[in-house]
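This report refers to the structure that appears directly beneath it.
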Amino acid sequence: MTLKETQLPGIGTITCLRPDQVAELHEQVEHYFQHGIDVWPGCTVVDVGANLGLFSLTVLQRCHGDATSYMFEPVPSIFAALEQNARRHGRTRLHPVCCGLSSRAGNVQFAYRPNMPSLSTAYVDDEAELEEQVKQAILRNLGVTHWRVRWIGWVPAFLRRRILDRAVAQMFATELVECRLRTLSEVIAEFGIERIDLLKIDAEKSELDVLEGIADADWPKIQQVVMEVHDIDGRLVRIRKLLGAHGIGPVVTAQEPALRGSNVHDLFARRVTAPDQASVTAPPSVQLPAG
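Just so you know, numbering that gives the first Met the number 0 puts 283 at position 284 of the sequence shown, and the rest follows in order with no gaps.
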């Protein structure tokens, strides 16, 4: 797919694959900065599932240009856009890497979705289940879902499902591409990352795989976690326990209005105390409320 450019207020020119989706993706990025999750000048971020890099660009903006982000995107077509955005806006502060993160290194096939690149995933066999999840979420939340499909609420009920089936099938049109996977601990060692002030994960069902690729010795480096979780087979509980076992919590979860009733949750957590907290200058507002 040919790379395109669009303008994003407050940030500038963005290289992308689908200009009509950039503003919506940026809105989603802003939702990550809730429940005490924050960034500050001098911080280091790891951005897993970076897509176009909008999360890291927002971090850089919030930190007045004084932040470092390591950005991981496995799909080559999407990475091409990410790399251009990093060069344009990040100079030496943004480090794009063309690979995904998982529990072990290797090569796997990804389902790349040109019409909805942000939904590309390593879970190729879950296509039908995910499509049905999207359809049910749209029908349950027609009043708050995206404007592209909100009009379905005006269609007679007996026609809605047929029209929705066609719309979602187009959204999920898929190309299989081979992508490289590494573990987070491998790249921590390669780049010499001593501290991760914020670990952001938006990996379309691979979030637990990413966490399982962190060696015990590297967990103390991680101070905050914000991630999208697909609660499959008790995954949300497993992730809560894993974070708690490594001293990160309490954990707060929430759902965006358009996803209410689905298995997709946002998770926010931070280390309440850290051995080297005094060495970091962070705003006093960065405290996660209990509960």
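The C-beta atom is built at its ideal place from N, Cα and C for all residues, glycine as well.
Contact under 8 Å by Cβ, residue i with residue j
| i | j | result |
| --- | --- | --- |
| ARG61 | THR12 | no |
| HIS94 | ASP265 | no |
| LEU307 | GLN108 | As displayed, the chain neither begins before 0 nor continues past 290, which places residue 307 out of reach and without an answer. |
| LEU24 | LEU2 | no |
| GLY89 | ALA202 | no |
| ALA172 | PRO75 | no |
| ALA121 | SER184 | no |
| ASN84 | LEU118 | no |
| VAL292 | VAL186 | The structure shown does not extend to residue 292, since the chain is modelled only from 0 to 290, so the question has no answer here. |
| ARG179 | ASN106 | yes |
| ILE36 | LEU235 | no |
| TYR69 | ILE192 | yes |
| ASP46 | LYS199 | yes |
Given residue i as reference, the closest of the options once Cα atoms are compared
| i | options | result |
| --- | --- | --- |
| GLN223 | GLY248, ASP265, LEU118 | GLY248 |
| ARG194 | GLY48, GLN33, ALA104, ALA66 | ALA66 |
| VAL250 | GLY233, LYS240, PRO256, LEU258 | LYS240 |
| ALA22 | ASP37, PHE32, GLN6, ALA110 | GLN6 |
| ARG181 | MET0, LYS220, GLN33, SER101 | SER101 |
| CYS42 | MET0, GLY105, HIS63, GLY35 | HIS63 |
| VAL302 | GLU227, VAL209, ASP215, GLU177 | One cannot answer for residue 302 here, as it falls past the ends of the chain, which runs 0 to 290. |
| VAL263 | ILE77, VAL271, ARG270, GLY233 | GLY233 |
| ALA244 | ALA80, ALA168, ALA214 | ALA214 |
| VAL44 | GLU131, PHE190, ARG103, ALA104 | PHE190 |
Assigned exposure category for residue i - 16 Cβ within 10 Å defines buried
| i | result |
| --- | --- |
| ILE231 | exposed |
| PRO73 | buried |
| ASP164 | exposed |
| VAL225 | buried |
| GLY212 | buried |
| TRP146 | At TRP146 the pLDDT is 49, less than 50, meaning the model places this residue with poor confidence; the figure from the coordinates comes in the next sentence. TRP146 should be labelled exposed. |
| ASP19 | exposed |
### Query
Three or more beta-carbon pairs under 8 Å between the stretch 8-24 and the stretch 45-65, yes or no?
Yes, they touch.
### Query
Taking the runs of the beta strand (DSSP E) that are 3 residues or longer, which of them lie wholly in the stretch 17-41?
You should have found no qualifying run.
### Task
At 3 residues or longer, and completely inside the stretch 53-108: list those beta strand (DSSP E) runs for me, N to C.
DSSP runs (the beta strand (DSSP E)) wholly in the stretch 53-108: 66-71, 93-96.
### Query
For the stretch 223-281, which segments carrying the beta strand (DSSP E) assignment without a break, of at least 3 residues, lie completely within its bounds, in sequence order?
Runs found: 223-229, 250-253, 263-269.
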